[in-house]
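Numbering (this note's numbering), first residue to last: 1101 to 1390.
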């Protein structure tokens, strides 16, 4: 077995630049439902990715395994570790509470979500997305769902300050068709969609894609159906010990993207922020303590 301390997902990401086109296609397929996607037979894995079995054999060796059985053993070890020891052994986050306290369990889960998600983040996709969002020749549209609309609203509010021509599409199915009238070829639509995936949001994405818009998708580790239409997809881990999924990892990435776009658009952004502050002063929007 490979002696690497990296996960299989990390090995796939770290070797991405050295993979052939077919191997990259296989790598992406493996990461879609990781690690379950790699636990079938070599024939099933190849078929699911639309590649040949020799491609599977070459890829696993290229990322450091002696063969497919060695590769699968590593995946099974990851699954077993996740099931048997979901909380890493460490000093508790809240020192006065035991490991099993919800504060520590929840914090550990969130940090693992961040670690896992960033480990699989494609930096090229990140950079291309930020470049596209900073391109003011493209109109920008933002939409979220029943839960994710708060993230969409946060993202919209900041992007509206950073650049011109930004529209927040209301998360109401009978309202968004009106916005489609203004979407043109190569405009950008940012969509937040996590389980349970909303049918109306998928319909919106389909119609935006038909109009030639570029789709940036923020979704979970299981992938919204919109991923098949998206130009850039950010798949983030969201599971925590709660009846609700966590938005922390997604918020982290959103804020990182906002920071990058701000750098790219700073001359224009600075002027917009200065004008905005003048308007705040005139309207006495914020309380002054001087």
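Just so you know, even glycine gets a beta-carbon here, dropped at the ideal spot from N, CA and C. Computed from a predicted model, the values in this text were never measured in an experiment.
Burial check for residue 1346: the Cβ neighbour count within 10 Å reaches 16 or more, so the residue is buried.
For the 9 Å CB-CB criterion, residue 1336 and residue 1353 form a contact.
For residue 1340, no beta strand (DSSP E) segment is defined, and its DSSP state is neither H nor E. Counting C-beta pairs closer than 8 Å gives fewer than three between the stretch 1200-1211 and the stretch 1241-1254, which falls short of the contact rule. Considered as a whole, the stretch 1116-1146 harbours 1121-1132 as its complete alpha helix (DSSP H) runs of no fewer than 4 residues, in chain order. By the 16-neighbour rule on beta-carbons within 10 angstroms, residue 1314 is buried. Here residue 1385 carries a coil assignment [DSSP, helix/strand/coil]. Distance from residue 1319 to residue 1214 at the Cβ level is roughly 16 Å; contact not present, criterion being Cβ atoms closer than 8 Å. The stretch 1119-1129 and the stretch 1157-1169 touch, with no fewer than 3 CB-CB distances between them shorter than 8 Å. For the pair residue 1112 and residue 1166, the Cα-to-Cα distance works out to about 15 Å. For the set 1355, 1384, 1371, the Cα lying nearest the Cα of residue 1230 is the one of 1355.
From the listed residues 1220, 1331, 1327, 1321, the smallest Cα separation to residue 1340 is found for 1321. Linking residue 1363 to residue 1327 through their CA atoms gives a straight-line distance of about 28 Å.
For residue 1142, the CB contacts under 6 Å within the same chain, skipping 5 residues up- and downstream, are 1153, 1156, 1168 in chain order. Here residue 1288 really is in contact with residue 1238; their C-beta atoms are around 5 Å apart, less than 8 Å. Taking C-beta atoms as the reference points, residue 1243 and residue 1302 fail to come closer than 9 Å.
Within a 10 Å sphere around the beta-carbon of residue 1204 sit 16 or more other beta-carbons, which makes this residue buried. Bounds of the alpha helix (DSSP H) holding residue 1233 are 1223-1233.
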